[in-house]
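Working notes, structure below.
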Ligand code: URA
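Here you go:
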C-alpha cells in the first residue's frame, strides 16, 4: 500500500477502505507518512468528503492510535460536554462545578484557544497556579476526588488527533465535517465517558456557518457515539454574536464565577443550564430537562456550586481566593471605552470580528506556540439588539499595548453596526 495511491483515490472522489484509512493514520503517527502527504490527504478529504462509514473508520483509527480509558470502576455514571468552539464560550467553566454537585463523573478534557475562538484551558490558567497538564494516574485521582478533571488532552488520548489537528490548523482543513467528527469523537471515545452532550454552534463565529450544516455535523456526532456504544445528544446554538458579556481569559473567568453565584448574563446562564440538564438526564439523574433545570436553579444561592469550584481549583493547584477576590488575577493596565458616535439600535456585534479583536489584544494565539495574555479582552456593555444613545459606552477594551489596541479597533469597526 502507498500513501500516494490513497491520496489519488480520495482526490478522485472514491471511497476508501478501512485498511487504507488505517494505513494513513498509522503511517502519519509513526512518521512514515510525512506532513506534506498528510496535508494533501486532508485537503482531498476537505474537497471530496467522506461518507459515514469512512468517517467511522477514520474515528476508530484515531482512537486506536492511543489508549482508551475505562471509567467503569468509578462509582457514578459519566457524562461529558463538547462545544465545537465559539467566541465568549466559557460554558464548560460554570457547567462542570454545577453538574458535579450531582452524582456524576465529568472527564472534562478541553483544548486551547486557536484563531478567533477561545479555549477552556487558557481561561482556567488565568487563575494563579491552576494546572491543566496531567497524565492518566492523576486524571483518575482527580476524578475520584472531585468527580471531574478540568485538564488538557493527556498524551495517550488519541495522539493521531493531536498531530492531525495541528496540521489541519495550518493547512486550512479544519472546517471539514468528517475531519471534525473524527477529531471530536476520537477524543471523546478514548476519554471514556458513556454520555455526551454536543453543543454544536453555527454562525459567523463558528466552524459551521449555517444551521443546516451544524445539524448535519451534530447528527454525525450522535451516530458515531451510538456506534461506539455511547449515548450522544446535541443542542444547536447560535454563534453569530458573542456569548455573554466578556471575551478574553480573565474576564471570562470572572463571568463564570458570577454565574456560579447565581448572577451573570442570561444567555450564558440559560445555555449552561440547558446543557447541564441534558447531561444529568442522559446520566439518569433526572427523568426530564425541566426537573433538572428547576433543581439546578434552586441551588445557586446555597453556595454549593462555588464550593465545588473551590475544590476543583484547589485539587488542580490553583489559588481559590479568586472566588472572593478577582484582583488576584492581574488585570490589563489600560481600558479603552468604545463609545457610540450616534444614537440608534445595535443591529450587529459580529462574533467572528469580535473574536478577532479579542485575539488582537493578545487574548488568543495566532500560532500554537504563541503565549496568551490572560489579562486582555473585550467587555460588552451593550449587546446586539439593544438601543444606545450617543456617547454611551458600547464596550470596553482591556489592553496593555497601544498597537494591539489599534488592531483590535479595526476588527471591531468591521463587526459593529448601529442603525
Ligand atoms: N474541535 C475539535 O476538537 N476538533 C475539530 O476538528 C474541531 C473542533
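Residue numbers (the working numbering): 120 to 538.
From the three backbone atoms N, C-alpha and C, an ideal C-beta is built for every residue, glycine too.
Requested in this report: Let me know if residue 200 comes out buried or exposed under the rule of 16 or more other beta-carbons within 10 Å of its beta-carbon.
Outcome: buried
Query raised in the report: Could you give the C-beta distance for residue 394 and residue 210, rounded to a whole number, given that I count them as a contact under 8 angstroms?
Result: 6 angstroms
Query raised in the report: To the nearest angstrom, how far is it from the Cα of residue 484 to the Cα of residue 237?
Result: 9 angstroms
Requested in this report: Verify the contact flag: residue 293, CB atom, against every heavy atom of the ligand URA, threshold strictly below 7 angstroms.
Outcome: yes
Query raised in the report: Would a C-beta distance cut-off of 8 angstroms place residue 353 and residue 362 closer than the cut-off?
Result: no
Report task. Examine the ligand URA and report whether any of its heavy atoms sits within less than 7 angstroms of the Cβ of residue 475. Result -> no
**Report entry** C-alpha distance - residue 503 paired with residue 533, whole-angstrom precision
**Finding:** 14 angstroms
Query raised in the report: What separation, rounded to the nearest whole angstrom, lies between the Cα atoms of residue 260 and residue 196?
Result: 16 angstroms
Query raised in the report: Hey, quick one: how far does the alpha helix (DSSP H) through residue 261 stretch, first residue to last?
Result: 255-265
Report task. State yes or no: is the C-beta of residue 458 within less than 8 angstroms of the C-beta of residue 537? Result -> no
Requested in this report: Could you tell me how far apart the beta carbons of residue 220 and residue 530 are, in whole angstroms, since I believe they sit closer than 8 angstroms?
Outcome: 39 angstroms between Cβ atoms; not a contact.
Query raised in the report: Straight-line CA distance for residue 437 to residue 430?
Result: 10 angstroms
Requested in this report: Compare the C-alpha of residue 235 against each of 526, 489, 479 and 167 and name the closest.
Outcome: 479
Query raised in the report: Is the beta carbon of residue 302 sitting closer than 8 angstroms to the one on residue 284?
Result: Yes. Within cutoff.
Report task. Answer yes or no: the CB of residue 284 versus the heavy atoms of the ligand URA, is any distance below 7 angstroms? Result -> yes
Query raised in the report: For residue 517, is the classification buried or exposed, using 16 other Cβ atoms within 10 angstroms of its Cβ as the cut-off for buried?
Result: buried
Report task. Rounded to whole angstroms, what's the CA-CA distance from residue 247 to residue 508? Just pull it up for me. Result -> 39 angstroms
Query raised in the report: Measuring from the CB of residue 238, is there a heavy atom of the ligand URA at a distance below 7 angstroms?
Result: no
Query raised in the report: Do you know how far the Cα of residue 493 is from the Cα of residue 232?
Result: 12 angstroms
Query - Terminal residues of the beta strand (DSSP E) in which residue 467 lies - result: 463-468
Query raised in the report: What's the C-alpha gap between residue 228 and residue 310?
Result: C-alpha separation (whole angstroms): 8 angstroms.
Report task. Could you tell me whether the Cβ atoms of residue 94 and residue 322 are closer together than 8 angstroms? Result -> In the structure as shown, the chain starts at 120 and stops at 538, and residue 94 therefore has no counterpart that could be examined.
Requested in this report: Check whether the Cβ atoms of residue 497 and residue 477 sit closer than 8 angstroms, and answer yes or no.
Outcome: yes
Report task. Please determine, among 291, 506 and 451, the residue with the shortest C-alpha to C-alpha distance to residue 520. Result -> 451
Report task. Would you verify that the beta carbon of residue 515 is, or is not, closer than 8 angstroms to some beta carbon of chain B? Result -> In summary, chain B is missing from the structure at hand, where a single protein chain is found.
Query raised in the report: Apart from the five residues on each side of it in sequence, which residues of its chain come closer than 6 angstroms, Cβ to Cβ, to residue 156?
Result: 122
Query - Residue range of the alpha helix (DSSP H) that includes residue 395 - result: 385-401 is the span of the alpha helix (DSSP H), which, as asked, contains residue 395.
Query raised in the report: Quick one: is residue 454 buried, meaning 16 or more other Cβ sit within 10 Å of its Cβ, or exposed?
Result: exposed
Report task. Determine the DSSP secondary structure at residue 362, reduced to helix, strand or coil. Result -> coil
Query raised in the report: When the Cα of residue 355 is compared with those of 388, 346 and 317, which residue comes out closest?
Result: Residue 355 has its Cα closest to that of 317, out of 388, 346 and 317.
Query - Span of the beta strand (DSSP E) around residue 534 - result: First-last for residue 534: 521-534, but that is the alpha helix (DSSP H), not the beta strand (DSSP E).
**Report entry** Three-state secondary structure assigned by DSSP to residue 498
**Finding:** strand
Query raised in the report: Looking at the unbroken alpha helix (DSSP H) that takes in residue 122, where does it start and where does it end?
Result: 122-130
Query raised in the report: Roughly how many angstroms separate the alpha carbons of residue 293 and residue 326, rounded to a whole number?
Result: Cα to Cα, residue 293 sits roughly 8 angstroms from residue 326.
Query raised in the report: Taking the Cβ atom as the reference point for each residue, do residue 258 and residue 366 lie within a distance shorter than 8 angstroms?
Result: no
Query raised in the report: Just to check, is the beta-carbon of residue 326 closer than 7 angstroms to a non-hydrogen atom of the ligand HEM?
Result: Absence of the ligand HEM is noted for the structure shown, with the ligand URA being the only ligands found.
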